[in-house]
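Following: one structure in structure tokens, then a few remarks.
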Amino acid sequence: MTITSLDDAAWDSPWRRRPVGEKVALSASLLLTALCTPSMESSSWVSPVVGSGIWPGALLAGIISVIVILGPARIRGRVLWQAMAAPIVFLVVGGISVLISLGSSPIGTVWWHAGVFSIGPVTTAQAMSLIEHGVCGTLTLMVLAVTTPMVDLLTWLRKFHIPDPLLEIASLTYRLIFVLLDTVVTAGEAQHARLGDAPEGKFGGLNRRMSNTAALLGSVGIRAWTRANRLNDGLVNRGFESALVTLPVKRVGSARFKIIVVTVIAAVWAISWSTTGRIFR
């Protein structure tokens with residue numbers, strides 16, 4: 014996966030034509046649902062299973078997010094998987110650190126122990142809750158990330174009277190990232206064509222690789238400074254003061270979309286309440 018994959022997917026998605034506010038509302042509603050709905054362990058209708066870590070609201074929010082991304086938004090499954098790979102690895106590592114308890118534990122309260130390390134029902138429930146909430150919460154954010162380019166999101170934020178200089182700095186920095194990324198790729202290909210990464214000498218050419226990496230970073234740093242100065246000169250020559258206001262694309266909201274979103278979110282909360290016996294955590 015490249016750094017531009019999410020942005021490319023957002024530009025190509027048919028949901029880019031939807032108002033940004035609708036997509037933000039959908040993503041935020043699913044996120045709050047995943048975080049605030051209770052677990053089945055506290056239910057009086059379901060036999061408590063210590064360590065199960067089942068959160069029906071979070072699970073349903075994650076499933077709905079996947080359906081929305083792969084269905085109406087028409088994002089390829091490969092793009093979604095590549096975007097979720099790094100967060101999943103991070104969450105699994107964090108879950109393992111929560112799963113293994115450090116310190117003495119009373120006998121009979123753990124399933125496994127070795128010295129000061131132990132695994133029990135409490136730590137298992139906490140680890141499963143962490144991973145489930147993390148994965149489902151990330152999926153709900155992907156609904157917005159893979160359907161809304163950053164440019165559209167920054168333009169939408171102007172409605173909230175955020176200072177124009179802050180939005181312009183964020184927008185220009187975001188655009189400059191892709192310019193510098195292209196520079197890094199081009200310079201790396203040039204080094205590779207000149208056998209700059211060929212193993213030679215001790216440690217398989219480690220010294221050469223470190224030297225080439227340092228040269229690449231130095232070159233990118235100088236180019237970033239130069240391009241930033243040129244960008245500043247261009248803005249000054251155009252009479253830039255606080256904002257470069259452009260005409261936003263008019264997008265008509267859909268009453269049907271809003272009704273469906275409210276209905277789905279309400280249904281998830283109703284299912285969560287019926288299976289756990291509570292509304293909130």
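In terms of the numbering used here, the sequence shown opens at residue 14 and continues consecutively. Heads up, the beta-carbon is just placed ideally off N, CA and C, and yes, glycines get one too.
Assess, as a yes-or-no matter, whether the region 146-166 is touched by the region 77-97 under the definition of 3 or more beta carbon pairs within less than 8 Å. yes
Checking the sheet assignment: what are the DSSP bridge partners for W94? BP columns for W94 are empty, so no partner.
So, is V277 buried or exposed, given that buried needs 16 or more other C-beta atoms within 10 angstroms? buried
Could you give the first and the last residue of the continuous alpha helix (DSSP H) run that contains S131? First-last for S131: 130-132, but that is the beta strand (DSSP E), not the alpha helix (DSSP H).
Start-end ranges of the alpha helix (DSSP H) lying completely within the region 214-289, minimum 4 residues: 219-250, 268-289
Based on the DSSP output, what are the partners of A127 in its beta bridges? F130
Exposure label - M223; buried when at least 16 CB within 10 Å: exposed
Can you give me the start and stop residues for the alpha helix (DSSP H) that H205 sits inside? 177-206
For G70, count neighbouring Cβ atoms within 10 angstroms of its own Cβ and tell me buried if that reaches 16, exposed if not. Burial is judged here by how many other beta carbons sit within 10 angstroms of a residue's own beta carbon; G70 has at least 16 and is buried.
Pull up the CB-CB distance for W68 and T50, whole angstroms please, since I reckon it's below 8 Å. 6 Å
Given that a residue counts as buried once 16 or more other Cβ atoms are within 10 Å of its Cβ, and exposed if not, what is G231? exposed
Could you name the residues that DSSP lists as bridge partners for L115? F130
Whole-Å CB distance - R29 paired with A38, under 8 Å assumed: That pair is no contact at about 16 Å.
Here's the rule: buried if 16 or more other CB atoms are within 10 angstroms of the residue's CB, otherwise exposed. What is H205? exposed
Hey, would you say V275 sits closer than 9 Å to T168, going by beta carbons? no
Proximity of V156 and K36 at Cβ, strictly below 9 Å: yes
Measuring straight from C-alpha to C-alpha, what distance separates A280 and S287? About 10 Å.
Just verifying my parser: in three-state terms, what is the DSSP assignment at T168? helix
Alpha helix (DSSP H) containing T12: first to last residue? No answer is possible for residue 12: the residues shown for the chain start at 14 and end at 294.
Does the structure place the region 99-113 close enough to the region 129-143 that three or more beta carbon pairs sit under 8 Å? yes
Whole-angstrom C-beta distance between L83 and G75, which should lie under 8 Å: Between L83 and G75 the Cβ distance is about 13 Å, and since that is not below 8 Å, they are no contact.
Exposed or buried, what is L313 when buried is set at 16 or more other beta-carbons lying within 10 Å of its beta-carbon? Only positions 14 to 294 of the chain appear in this structure, which leaves residue 313 out of reach.
Keeping to the same chain, check which residues put their C-beta closer than 7 Å to that of T196; ignore five residues upstream and five downstream. Spatial neighbours of T196 in its own chain (CB-CB distance under 7 Å, excluding positions within 5 residues in sequence) are listed in chain order as V233, R236.
Proximal residues to H146 (C-beta, below 8 Å), its chain only, five neighbours per side dropped: A47, L48, W68, A71
Using C-beta distances below 7 Å, list every residue in its chain close to P85, excluding the 5 sequence neighbours before and after it, in chain order. W28
Judging by CA-CA distance, which residue of V192, R31, N220 is the nearest neighbour of A241? V192
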